[in-house]
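Working notes, structure below.
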Amino acid sequence: MIPKEYRGGCLCGNIKFLALGDPNNPHTCSCSMCQRHSGALTLCWVEFPKEAVQWTGEGGEPSLYRSSDYSCRAFCSQCGSSLGAIDDGPTVGLILGNFDHQGQQELAPLSLMKD
Ligand SMILES: [Zn+2]
Ligand SMILES: [Zn+2]
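Residue numbers (my numbering): 842 to 956.
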């Protein structure tokens, strides 16, 4: 079976990602760290195993800011877009606003799915 592909990137296109397989735990977060990282009141996230995410743009891997003792925030040093969080553990969190194709059911953040 061919794994599902999810592509996206930053505002200027310097940093692009390709995530393969099943996305985990789509959710929103409104913590103060997410707010400062993005400038938005709420961020929408989805997680992938680290090995499922490739950085495919010309800029290679995003720039990192160590935001806690277990994770770094990822961003584009050229345009400043917030891209995600790269944990010291085996998880990468990607910000859903950067995905090329929006509105896929499996990417719907849980807290926005309440009817
Ligand atoms: Zn950029
Ligand atoms: Zn947060």
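All C-beta atoms, glycine included, are put in the ideal place defined by N, C-alpha and C.
As the structure is a prediction and not an experimental result, all values here were calculated from the model.
heavy atom of ligand 1 below 7 Å from residue i C-beta
i	result
Ile-927	no
Ile-936	no
Ile-856	yes
Ser-922	yes
Leu-905	no
Gln-943	no
Leu-852	yes
Cys-885	no
Gln-895	no
Cys-917	yes
Residues of its chain near residue i, where Cβ-Cβ distance is below 8 Å and the 5 sequence neighbours each way are ignored
i	result
Gly-882	One point to set straight first is that residue 882 is Leu, not Gly, in the sequence displayed. Excluding positions up to five away in sequence, the list reads Ser-871 and Gln-876.
Leu-948	Tyr-847, Pro-864, Pro-867, Val-887, Leu-937 and Phe-940
Beta-carbon contacts of residue i that lie in its chain and below 6 Å, excluding the five residues immediately before and after
i	result
Pro-834	The requested residue 834 does not occur in the structure, where the chain is confined to residues 842 to 956.
Ala-860	Tyr-847, Phe-889, Ala-893 and Val-894
Ala-926	Ser-912, Arg-914 and Gly-934
Glu-929	Residue 929 is actually Asp in this sequence, not Glu. Hits under 6 Å: Tyr-911.
Start and end residues, alpha helix (DSSP H) containing residue i
i	result
Ile-885	Note that residue 885 is Cys in the sequence shown, not Ile. It is not in any alpha helix (DSSP H) - Cys-885 instead sits in the beta strand (DSSP E) that spans 884-890.
Ser-873	873-879
Cβ neighbours of residue i in the same chain (closer than 7 Å, five flanking residues each side left out)
i	result
Cys-851	Cys-917, Cys-920, Ser-922, Leu-924 and Asn-939
Pro-931	Pro-890 and Lys-891
Met-874	Ser-908
Thr-897	Lys-857, Phe-858 and Leu-859
Segment limits, beta strand (DSSP E) that includes residue i
i	result
Asp-863	Segment: none, Asp-863 is in no beta strand (DSSP E) and carries neither H nor E.
Leu-905	904-907
Should the stretch 893-909 be called in touch with the stretch 936-948, which here means at least 3 C-beta pairs below 8 Å?
In short, these stretches do not touch, since the Cβ pair count stays below three.
Is there contact between the stretch 906-915 and the stretch 881-893, where contact requires at least three CB pairs shorter than 8 Å?
no
Mind listing, in chain order, the residues whose beta carbon lies closer than 5 Å to a non-hydrogen atom of ligand 2?
Cys-870, Cys-872 and Cys-875
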